[in-house]
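Below is one structure, written out as structure tokens; the observations come after it.
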Amino acid sequence: MTDSWLRALESRIDGEVDAGERRRAEYASDASNYRVPPAAVVFPRGDADVAAVLAAARDRGVPVTARGAGTSVAGNAIGAGLVLDFSRHMSAILEIDTEKSCARVQPGVVLGSLQRRAGASELRFGPDPSTQNRCTLGGMIGNNACGPHAMAWGRTSDTVRELRILDGTGTERTLGAGLSAVPGLDEFARARLAVIRTELGRFERQASGYGLEHLLPERDPSAARAFVGTEGTCGLLLEASVTLVPVPRVTVLVVLGYPDMPTAADDVATVTAVDPIAVEGIDARLVDVVHAHRGTVPELPEGRAWLFVECAGDTADEAHDRAAALCRTAHALDSRIVTDSAVAARLWRIRADGAGLAGRTPDGRPAWPGWEDAAVPPANLGAYLRDFDELMRTHEVDGLLYGHLGDGCIHIRLDLPIADAPQRFRAFLADAADQVVEHGGSLSGEHGDGRARSELLSRMYSPAALDAFAGFKALFDPDDVLNPGVLVRPSPIDADLRLAGLRAMPSAGGFAFPADGDIGTAVHRCVGIGKCRADTRATGGFMCPSYLATADEKDSTRGRARVLQEVVRGALDWRSDAVAESLDLCLSCKACDADCPAGVDMATYKAETLYRRYRRRLRPIDHYALGWLPRWLALGVRMPSVFNAVAGFAPLRRAGFRAAGMDPRRAVPSLADRSFRRRWTDRRGVRVPDDEPGVMLWIDSFTDAFDPEIAWAAVELIESLGHRVRIPERRVCCGLTWISTGQLDGARTRLRATLSVLDDHVSAGGVVIGLEPSCTAALRSDLPALLPDDPRAERTARAVRTLAEFLAEDPAWRPPDRSGHTVLVQPHCHHHALTGYDADREILRRTGATVTEVAGCCGLAGNFGMQYGHYDISVAVAENGLLPALRKDVDAEFLADGFSCRTQADQLADRSAIHLAQFLLDR
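The numbering used here runs 37 ahead of the 1-based position in the sequence shown.
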């Protein structure tokens, strides 16, 4: 495919065509095990663009693959030709008809957006997969997605009314009830009634193959329903009309405890007898993983496996009576009825988080999809699970079970030996396919077959059925232009495996990556779940601020991970422009470290990449200006008036900023008249017994130079509890600015100096209290990661506390009464991600103040928002959370512990902020 052909294609459409090596890397994988770099990625803006692209591809003999959010775990959203990303521009909700209870949407609409719009009219879309906050309706139609509530409202195929598509010949068709929209479809169905009736549609979750049962005359034949689940192999969706259902008036959650998952599965018939709207199962080992990741989970009934059963009713009494009846009839060890919606949401979150955290086995090994979606008739589920457990032992693989037990669908990711023994991967999948067929089941229950299972269809279906699948596709796509290698004439299940042959990446002397072993394994933590594309701010999420601002896959955590995966496999160089472009807008906010279920830590990967790119080389000027900022501040505090006068002279400041690689639209925060350290030498602390180590207050460069009053408030607060406050005897640094610019050798030098100063205090049992969240997080997280062989590092990291954590540990301390105060709080990203904000949240609750939290990054993010070229995106990030909140609560006290957060609010909203220490000081 030539550049000139792609340029000609782009000239014929309103959308964009991108064949750059970075873009191709971003779209080489979805959420599956497979890697197929496309020739180019197209972002169509409308129907005419889609038609033009398909026509050009047909003329050139280039395959076309449709893509929504790229969350396919079966590999049906990747292809070697043109990949059409419908999520970027074709994402409009065209109509919500409340009288007819239906919606008309473009294929790129995110399900969560549709749910919010429909919810305003007390309606919803029935199917709700765990990816609903980022998956698209087009992708759901492609896979015939289900989710927990398919029990009540069916699969996606049960919701479609009308689909407008382009088939593989470029012909636009409107599919609905009946078969007349596709020439020859009616005759095709009548010629194959016997095989369709005997092999298709045997149970609800039989998702493998095409849904030809929807062609049967006794099932109200529908070309639209038959099209659902074709995985992009039969047409490109332009528009869909789907049914909406009423939101239940009242729901109650029942949690049933069982000794194990097979026993829970044995009880499904009893459970479903009360007509629940959802029956989900989760294994205790997965709960243990969620607990380890989150720190806590809500109380569960006795057991080692649980069914989460949702009952609905028109009244609270009706729903509760149904729940109580279930508890009486179920054969569970223990049960719990949950009527509090907030508690129920936390319990459901175990299930949602588990879907991502299942990417690791209990002993920490990576676990992969491939056999993550098998289904059997519910009556066979208990026996199947027992046999499957034996199969795992035989093949020496392990994983964490969960799934839609009420429908007989099981999800599990397994530590399959893809990288070093792909032949064992193939052997396991073959045996697993034979086993599920023996139990009357399906290779897939909702994710589709894709590249992961299409080759195995011959183990489930007869040659006549496979011939029917080929004939069905030929009616829509006779030239096999659309998503070839999927379902019909399938690619081998062990072809194009992303991990096959991947070798460990040698260390360059940067981060140690103790949990992964090397940077290559670390970046492959990203399996494409795509939570970084979701807006999770409503539930307290911070990831991913750059993607929320641009809606470009390039700026998602996943997109960056995909590019770095190409680097570690040797397809891209660490110093390539593609890598630089990919990481440019990463704010190093660390939100992914907490919010990504797979544990991706892009800030660390970015620092490692910058280290490898610039080690022993001349760096960009801003790395010296901002990366060495503590050095410059140490000089500035000696003559603050001169510094402030120079910084306040606008022409000089703008020229200096340009020369230093910084954005001239930024201002310079004013230095305090006298730094904290310079004043500290003039005072005496409280007297305490000589044998008490006291409290070490970490005086970071920002607090010392710009906001010393915060440190004085903390000193007064701590001393009021009878503790002696100490500070490091000399100026030391956490190395944060060196780390964020990839100057890891310099960071280590500073961290070793820090250890030398702190170790006596820490060894004596003293604690270290940090006031600046980013510096506190660096001491707790980056310190042991950069100095893994120094025993002092881990010891010091364990001694570090936030101010709130320190206060919470003192049983005698009581927060002041702040009843009547209205407070707007901006948690720092590193506070959210690494140290946790729970202690602060609880203290604020105990003050009695009315508190509103801003979720998401402020947008300044240390050096990021100051660097040249980042100002506009910094403001855009702030507009996604901080700035609207400040405009809404103009009279609220603004509380922000982070220097970046306070600076951003001051520069963009002319709003000053206070620190928690100042808010709690009772003056």
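Cβ atoms here follow ideal geometry from the backbone N, Cα and C, with glycine treated the same way.
- The bridge partners DSSP lists for Y71 are L534.
- Here M177 is buried: its Cβ has 16 or more other Cβ atoms, across all protein chains shown, within 10 Å.
- G407 sits in coil when the DSSP states are folded into three classes, being neither helix nor strand.
- Residue environment for D400: exposed (fewer than 16 other C-beta atoms within 10 angstroms of its C-beta).
- For G215, DSSP records a beta bridge to S259.
- Around the CB of D410, 16 or more other CB atoms lie within 10 Å, so the residue is classed as buried.
- Contact between the stretch 153-162 and the stretch 199-217 is not established, with fewer than three Cβ pairs separated by less than 8 angstroms.
- Under the Cβ criterion (8 angstroms, minimum of three pairs), the stretch 591-604 does not count as touching the stretch 917-926.
- Distance check between Q941 and each of C364, M903, Q955 places M903 closest, using alpha-carbon atoms only.
- Collapsing the DSSP output to three states places H448 in a strand.
- Per the Cβ contact rule, the stretch 657-670 is in contact with the stretch 768-775 (3 or more Cβ pairs under 8 angstroms).
- Judged by beta-carbon spacing, Y421 lies within the 8 angstroms limit of G478, meaning their Cβ atoms are closer than that value.
- Distance check between A129 and each of L275, P100, L249, T235 places L275 closest, using alpha-carbon atoms only.
- By the criterion of a C-beta distance shorter than 8 angstroms, I658 is surrounded in its chain by A696, A697, G698, once the five residues flanking it on both sides are discounted.
- When secondary structure is reduced to three states using DSSP, W343 falls in the strand class.
- Buried is the label assigned to E483, since at least 16 other Cβ atoms lie within 10 Å of its Cβ.
- M676 sits exposed, since fewer than 16 C-beta atoms from the chains shown fall within 10 Å of its C-beta.
- Sequence-distant partners of R60 (beyond 5 residues in either direction) whose C-beta falls short of 6 angstroms from its own C-beta, in its chain, are V78.
- Sixteen is the threshold: when 16 or more other Cβ atoms of the shown chains lie within 10 Å of the Cβ of S167, as they do, the residue is buried.
- Looking at the backbone, the Cα of D592 and that of V637 are separated by about 14 angstroms.
- Rounded to the nearest whole angstrom, the C-alpha separation of D452 and V860 is 47 angstroms.
- In this chain, T889 is not harboured by any alpha helix (DSSP H); it is covered by the beta strand (DSSP E) spanning 887-890.
- For E336, the number of other beta carbons within 10 angstroms of its own is below 16, and it is reported as exposed.
- Note that the C-beta distance between D304 and H368 is below 8 angstroms.
- Taking 4 residues as the minimum length, the alpha helix (DSSP H) runs contained wholly in the stretch 472-516 are 487-490, 494-497, 500-513, in order along the chain.
- Per DSSP, V279 is one residue of the beta strand (DSSP E) stretching across 272-280.
- L708 carries a coil assignment under DSSP once its states are collapsed to helix, strand and coil.
- Leaving aside the five residues that flank E842 on each side, the residues in its chain whose CB is nearer than 6 angstroms to its CB run, in chain order, A876.
- L174 places its beta carbon less than 8 angstroms from that of L151.
- Bounds of the alpha helix (DSSP H) holding M639 are 639-651.
- For T587, the enclosing alpha helix (DSSP H) starts and ends at 582-587.
- F579 is positioned such that its CB atom lies closer than 8 angstroms to that of D632.
- Excluding residues up to 5 positions away in sequence, S491, E492 lie with their Cβ nearer than 6 angstroms to the Cβ of P527 in the same chain.
- Sequence-distant Cβ neighbours of V308 in its own chain, meaning closer than 8 angstroms and more than five residues away, are L293, V316, L344, V346, L363, A367, G443.
- Under DSSP, T573 takes part in no beta bridge, so it has no partner.
- Taking a cut-off of 8 angstroms for Cβ pairs, the stretch 531-540 and the stretch 56-71 touch, as three or more such pairs fall below it.
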